[in-house]
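Per the working numbering, the sequence shown starts with residue 2, numbered consecutively.
Each remark here refers to the structure printed beneath this line.
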Amino acid sequence: QPLELTDVTAHTREAGAPPGLRHAQPTHYTPHTTTTVVANESATGYLNALRRQISPVAPAHTHHEHDDHSVRTENLQEDEFINGHAHCRQMLVGQTSITVPVVDGEVLLGQWQRVLFGELDQARDRRIFIHAQGV
Numbered sequence: 002q003p004l005e006l007t008d009v010t011a012h013t014r015e016a017g018a019p020p021g022l023r024h025a026q027p028t029h030y031t032p033h034t035t036t037t038v039v040a041n042e043s044a045t046g047y048l049n050a051l052r053r054q055i056s057p058v059a060p061a062h063t064h065h066e067h068d069d070h071s072v073r074t075e076n077l078q079e080d081e082f083i084n085g086h087a088h089c090r091q092m093l094v095g096q097t098s099i100t101v102p103v104v105d106g107e108v109l110l111g112q113w114q115r116v117l118f119g120e121l122d123q124a125r126d127r128r129i130f131i132h133a134q135g136v
């Protein structure tokens with residue numbers, strides 16, 4: 002859904018600390034320009050506050066040049082989504098990748114930290130890649 006954050010920490014633990022891998026650097030990467038990967042708390046109150054605060058900063062129902070094909074000339078697709086707001090949101094609150102260290106088989110996240118995949122546009126199929134390098 003729009004502005005949905007999904008906890009993918011369990012996948013981090015699977016990919017980043019498989020049996021026999023003691024030290025690693027699992028990198029989480031999303032190839033979409035309107036999604037994000039972050040490490041933060043996964044609490045309902047925080048996530049609701051984020052939704053309330055980001056919506057007025059990059060509102061969905063206002064003019065964005067990205068959506069105006071009489072102005073925009075780059076990277077056009079026939080079935081283009083109206084999603085200039087989601088691109089702005091990603092630049093404000095997001096990043097395309099994060100790396101979380103694994104030391105002695107333990108994923109080093111803070112007590113309340115979780116790895117979150119964020120949808121900043123609209124519901125559709127998305128991908129996140131988790132690639133671990135280590136010894």
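Glycine is no exception: its CB is placed at the ideal position from the N, C-alpha and C atoms.
Sequence-distant residues of its chain with Cβ nearer than 6 Å to residue i (five each side left out)
| i | result |
| --- | --- |
| Val39 | Leu117 |
| Phe130 | Tyr30 |
| Gly95 | Thr37 |
Residue i to residue j span [Cα, whole Å]
| i | j | result |
| --- | --- | --- |
| Gln78 | Ser71 | 14 Å |
| Ala59 | Glu66 | 13 Å |
| Trp113 | Thr74 | 44 Å |
| Ala146 | Glu120 | The structure shown does not extend to residue 146, since the chain is modelled only from 2 to 136, so the question has no answer here. |
| Ser43 | Gly17 | 20 Å |
| Asp8 | His86 | 23 Å |
| Leu4 | Arg52 | 6 Å |
| Asn49 | Thr97 | 22 Å |
| Asp80 | Gln91 | 21 Å |
| Arg125 | Glu107 | 33 Å |
| Pro57 | Ala133 | 37 Å |
| His64 | Asn76 | 18 Å |
| Glu15 | Cys89 | 32 Å |
The ligand MG heavy atom lying under 7 Å from the CB of residue i
| i | result |
| --- | --- |
| Thr74 | Looking for the ligand MG in the displayed structure turns up nothing, as the structure carries no ligands at all. |
Short Cβ contact (8 Å threshold) for residue i with residue j
| i | j | result |
| --- | --- | --- |
| Asp68 | Ile55 | no |
| His29 | Thr10 | no |
Residues near residue i by beta carbon distance below 7 Å, same chain, minus five either side
| i | result |
| --- | --- |
| His33 | Arg127 |
Member of the options whose CA lies at the smallest distance from the CA of residue i
| i | options | result |
| --- | --- | --- |
| Gly21 | Leu109, Glu120 and Asp105 | Asp105 |
| Gln2 | Asp122, Phe130 and Cys89 | Asp122 |
| His46 | Gly111, Gly95, Leu6 and Ile129 | At residue 46 the sequence reads Gly, which differs from the His that was named. Of the listed residues, the one whose Cα sits closest to Gly46 is Leu6. |
| Thr35 | Pro57, Glu15, Leu93 and Pro19 | Leu93 |
Contacting residues, own chain, Cβ-Cβ under 8 Å from residue i (five flanking each side not counted)
| i | result |
| --- | --- |
| Val136 | Leu22, Arg23, His24 and Ala25 |
| Ile99 | Thr28, His29, Val38, Val39, Ala40 and Val116 |
Whole-angstrom C-beta distance between residue j and residue i, which should lie under 8 Å
| i | j | result |
| --- | --- | --- |
| Leu110 | Val103 | Rounded, the Cβ-Cβ distance is 10 Å, inconsistent with contact. |
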